[in-house]
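Q: I'd like to ask some things about the structure below.
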């Protein structure tokens, strides 16, 4: 599925308007299926592929999280994201932020996604975010690992605020 997704994102850059529109339509349909977002995250962090395609996938991922992470009442056909998919994303998003490393434009999109997830899920459904940050700091083997931990911690602090509750 990841290879198919890559081809669809690559097709969104095609000079032919009909090819672009077809790819965008197929991506919209695919985005409503189970396991779409975890697979999209895999595409983003894979070591193969063009940076422009990964950037497009990262923007799509961020928009997907913003639109579908929190189920809204009364909005018609709103996607209900499976809890299994959400858990896979919560378990792997911080690692993905580190994996994209110095590719800052993709990292920014993933951090924005994390911010949305933090607002929706901390502390009830994402109680181990603190442990993930601490583990990343303790096991950091590079400056990218440390920078990732600090960026994630910054997102958590921004959500939590600086003062007492």
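In the numbering used here, the protein residues as written are 22 to 186.
Yeah, the Cβ is synthetic: ideal placement off N, Cα and C, and Gly gets one too.
These figures come from a predicted structure and were not determined experimentally.
According to DSSP, simplified to helix, strand and coil, what is residue 33?
A: Your numbering for residue 33 matches position 12 in the chain shown. If DSSP states are grouped into helix, strand and coil, residue 33 belongs with coil.
Q: Is the segment 102–122 in contact with the segment 167–174, if contact means three or more CB pairs nearer than 8 Å?
A: The segment 102–122 is in contact with the segment 167–174.
Q: Under the rule that 16 or more other beta-carbon atoms within 10 Å means buried, what is residue 55, buried or exposed?
A: As a working mapping, residue 55 is identified with position 34 in the chain shown. The residue in question, residue 55, is exposed, as its Cβ has fewer than 16 Cβ neighbours within 10 Å.
Q: Quick one: Cα of residue 136 to Cα of residue 176, how far?
A: As a working note, residue 136 is residue 115 in the chain shown. As a working note, residue 176 is residue 155 in the chain shown. Each residue's Cα considered, the two are about 6 Å apart.
Q: Mark residue 134 as exposed unless 16 or more other C-beta atoms lie within 10 angstroms of its C-beta, in which case mark it buried.
A: The count along the chain shown starts at 1 and reaches residue 134 at position 113. Buried: at least 16 other Cβ atoms inside 10 Å.
Q: Using the C-alpha atoms, what's the distance from residue 158 back to residue 42?
A: In the chain shown, residue 42 corresponds to position 21, counting from 1. In the chain shown, residue 158 corresponds to position 137, counting from 1. Whole-angstrom Cα-Cα distance: 43 Å.
Q: In its own chain, which residues sit with a C-beta less than 6 Å from the C-beta of residue 63, not counting the 5 before and 5 after it?
A: Residue mapping note: residue 63 aligns to position 42 of the chain shown, counting from 1. Excluding sequence neighbours, residue 63 sits near 23.
Q: Where do the N-terminal and C-terminal ends of the alpha helix (DSSP H) with residue 87 fall, by residue?
A: What you label residue 87 is simply residue 66 of the chain shown in a count that begins at 1. Looking at the DSSP string, the run of the alpha helix (DSSP H) that includes residue 87 is 72–89.
Q: How would you call residue 94, buried or exposed, if buried means at least 16 neighbouring beta carbons within 10 angstroms?
A: By one-based count along the chain shown, residue 94 stands at place 73. Residue placement at residue 94 is poorly supported in this model, since its pLDDT is 48, which falls under 50; the coordinates still yield a value, given next. When all chains shown are included, residue 94 counts as exposed.
Q: Please classify residue 179: does DSSP put it in a helix, a strand, or coil?
A: What you label residue 179 is simply residue 158 of the chain shown in a count that begins at 1. Residue 179: helix per DSSP, three-state reduction.
Q: Within the chosen definition, does the segment 100–112 reach the segment 135–149 through at least 3 CB pairs nearer than 8 Å?
A: Touching, per the Cβ criterion.
Q: Distance, Cα to Cα, residue 52 vs residue 126?
A: Reading the chain shown from its first residue, position 31 is the one you call residue 52. Reading the chain shown from its first residue, position 105 is the one you call residue 126. Using only the alpha carbons, I get a separation of about 22 Å.
Q: Rounded to whole angstroms, what is the Cα-Cα separation between residue 106 and residue 59?
A: As a working mapping, residue 106 is identified with position 85 in the chain shown. As a working mapping, residue 59 is identified with position 38 in the chain shown. Taking the straight line joining both Cα atoms gives about 6 Å.
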